[in-house]
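Asks: For what it's worth, this note's numbering labels the leading residue of the sequence shown as -3, then goes sequentially.
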Amino acid sequence: MLEALGVGGPGSRRLRHVVLFKFKPEVTKPQVQEVVRAFAALPQRIEAIVGFEHGVDVSVENKQKGFTHGFVVTFRDEKGRDIYLPHPAHQEFVKLVGPRVADVLVFDYWSGQ
């Protein structure tokens, strides 16, 4: 079970690509949902993605600074991320998201260390 979480076990080290979105105030709920659906479709379009999850902020600490939606894309290694970033499907997604977000935070880290 711990290996599924990226903890322990041989070969468990994975590159996590965390993306947070702060949507512009004028962006409608259907437009946000379109972004979420498009992001969630990327694992079927980009083979380098080995894991994906997402959710809406539920923190009670009031430190989210306007970021409302979080996504974690998992790759086996840097090579996977290097395939993902310029991939046409990802670039198409970036064009969809760009006009709708006020800010984006991206943070990559290694799990299993």
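The beta-carbon is built from N, C-alpha and C at its ideal position, and this holds for glycine as well.
Which residue wins for smallest C-alpha separation from Leu38, given the options Gln27, Val97, Gly108 and Thr70?
Replies: For the set Gln27, Val97, Gly108 and Thr70, the Cα lying nearest the Cα of Leu38 is the one of Thr70.
Asks: Let me make sure I understand the geometry here. Which of Asn58, Phe19, Ala34 and Gly76 has the alpha-carbon closest to that of Trp106?
Replies: Gly76
Asks: At 3 residues or longer, and completely inside the region 48 to 84: list those beta strand (DSSP E) runs for me, N to C.
Replies: You should have 65 to 71.
Asks: Would you give the residue range spanned by the beta strand (DSSP E) that Ala98 belongs to?
Replies: Val97 to Ser107
Asks: Starting from the C-beta of Gly47, find all residues in its chain whose C-beta is less than 6 Å away, skip the five residues before and the five after it, and write them out in chain order.
Replies: Only Thr70 meet the Cβ criterion.
Asks: Is Arg9 helix, strand or coil when you go by DSSP?
Replies: Here Arg9 sits in coil by DSSP.
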